Amino acid sequence: MHTFKKAALLIPVALFDLQGGLYNVYNPSKPYPFAQPATLYYLFVALHLLSTLLPLPVWTLLYALRIKRRPRPSWSSTQCFVWRRRRNDSVEQLAKGFVGIYAQGGSYLHFSAHESSATSAIPCHLMKLGCFDSIYSVEYPLLPAPFPAALQDIAAVFVRLIQLGIPADRIILTGDSTRGNIILALARWIRDEGLLRQPAGVLLLPPWCDPSHSFRTSSKCFNPHPHPSDYLTDHPPAYRHNVQSFLGGHRPQSFLRHPYISPPASPVPDGSFKSIPPVFVQYGDAERLEESIVQLVAALRQVEVSA
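Under our numbering, the letters of the sequence shown match residues 4 to 310, in that order.
So, in structure tokens, the structure goes:
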């Protein structure tokens, strides 16, 4: 066994040597006619590989060999072994274009700011279209965290961007579905507090802006579905549970009509949307939320907000 190990170790030397050339046959009884720099070279390479591979965590090998186990689908094989930290763009670069703050939808229960989440396709597509130079997707708290936990976290991101020196008139607030009302509430909170400059605009895609259901067209169903083509379905018991969690368990049901929660709740208080930045609202005529969105747009235009 010892002889086999010795012969196996010297096979590369028998095949090639930098000074002695090629050896046809290895004879252990004869001394080496020359020094063996190739041996040192091979040993150096072997030690270098071992010193590189042995400290690696096991998960790096698993990520490299099994694609499905990688934390992010976009990771390449190189990223499994190399930890890269991307530097954020400088304030001077961000100030040249628009910076977005994005809050994903999900009925206060689902989805995440992680790139593997389905809702992350929206900010990714906006970046591909060149609408923004940078988008900050906020990982806000979901239920059972009550209102205004999500609003406070998104507001903290806006304040932080201002502290970094990014002008407010280069920031656009973007909200999808259930976070449309929170984004609109943030714009109104900035206006009401008067401590910060208003952002450049608000982008709502399409917003669930009336959790109070003040526009129910029928009394036969707790949550009517006027457009059967919409993928949203009726789950009254689950909705009531979500509402109680959203209210924190101690606020009355009437709190859902708060202007920060249900902006277009009928009747709309005077001055609700006065002096807020321009608002772009995207929706379709087959939307389940169409009625409340139409009312929201009408209320915005009533006070001459660009919508």
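Just so it is clear, CB atoms sit at the ideal spot from N, CA and C, and this is done for glycine as well.
Every value quoted in this text rests on a predicted model; they were computed, and no experiment measured them.
How many Å lie between residue i and residue j at the Cα?
i, j, result
"leucine 68", "serine 79", "11 Å"
"serine 217", "tyrosine 263", "15 Å"
"histidine 51", "isoleucine 70", "27 Å"
"tyrosine 66", "leucine 56", "14 Å"
"aspartate 20", "alanine 41", "Its pLDDT being 45, under 50, aspartate 20 is placed unreliably in this model, and the value from its coordinates should be taken loosely. If I take the Cα positions, the gap works out to 6 Å."
"arginine 182", "glutamine 107", "6 Å"
"serine 309", "valine 297", "14 Å"
"arginine 260", "valine 306", "20 Å"
"glutamine 155", "proline 272", "23 Å"
"proline 252", "threonine 63", "Just to set this straight, residue 252 is glycine in the shown sequence, not proline. Glycine 252 and threonine 63: Cα-Cα distance of roughly 45 Å."
"cysteine 212", "alanine 203", "21 Å"
"glycine 109", "serine 120", "11 Å"
"proline 331", "histidine 244", "One cannot answer for residue 331 here, as it falls past the ends of the chain, which runs 4 to 310."
"arginine 73", "valine 61", "13 Å"
"phenylalanine 225", "serine 275", "Summary for phenylalanine 225: the model assigns pLDDT 43, below 50, so the residue's position carries little reliability; its value from the coordinates is reported in the next sentence. Computed Cα separation, rounded: 27 Å."
"arginine 75", "leucine 164", "26 Å"
"serine 248", "alanine 301", "30 Å"
"histidine 128", "serine 140", "13 Å"
"proline 58", "glutamine 166", "40 Å"
Could you check if residue i is buried or exposed, using at least 16 other CB atoms within 10 Å of its CB as the buried criterion?
i, result
"histidine 5", "The pLDDT assigned to histidine 5 is 43, lower than 50, so where the model puts this residue is not dependable; a value taken from the coordinates is nonetheless given after this. Under this definition histidine 5 is an exposed residue."
"tyrosine 44", "exposed"
"arginine 291", "buried"
"alanine 153", "buried"
"proline 255", "exposed"
"glycine 133", "exposed"
"proline 270", "exposed"
"aspartate 195", "exposed"
"proline 267", "buried"
"leucine 46", "exposed"
Measuring only from the beta carbon, is residue i closer than 7 Å to any heavy atom that is part of the ligand ADP?
i, result
"valine 162", "With respect to the ligand ADP, the structure shown offers nothing to examine, as it has no ligands at all."
Given a cut-off of 8 Å, decide if residue j and residue i are closer than it, judged by their beta-carbon atoms.
i, j, result
"proline 214", "valine 246", "yes"
"aspartate 136", "glycine 168", "no"
"phenylalanine 150", "leucine 250", "yes"
"leucine 189", "isoleucine 138", "no"
"leucine 146", "tyrosine 105", "no"
"leucine 187", "leucine 206", "no"
"serine 77", "glutamate 118", "yes"
"phenylalanine 257", "asparagine 184", "Before going on, a small fix: residue 257 reads as serine here, not phenylalanine. No, the Cβ-Cβ distance between serine 257 and asparagine 184 is not below 8 Å."
"glutamate 142", "alanine 171", "no"
Nearest by alpha-carbon distance to residue i: which of the options is it?
i, options, result
"serine 295", "His261, Pro210, Ala158", "Pro210"
"leucine 303", "Ser278, Leu53, Tyr286", "Ser278"
"methionine 130", "Val102, Tyr111, Ser265, Phe150", "Val102"
"valine 160", "Gly133, Ile193, Ser180, Thr181", "Ile193"
"valine 284", "Phe258, Leu208, Arg260, Ser257", "Leu208"
"valine 282", "Ser120, Ile174, Gln107", "Ile174"
"alanine 148", "Ala171, His113, Val306", "His113"
"arginine 191", "Val61, Val306, Pro280, Arg72", "Pro280"
"aspartate 179", "Tyr286, Glu307, Val48, Leu46", "Tyr286"
Inspect the CB distances between the segment 116–127 and the segment 198–207 and report whether three or more fall short of 8 Å. Remark: fewer than three beta-carbon pairs, one from each stretch, lie closer than 8 Å, so the segment 116–127 and the segment 198–207 are not flagged as touching.
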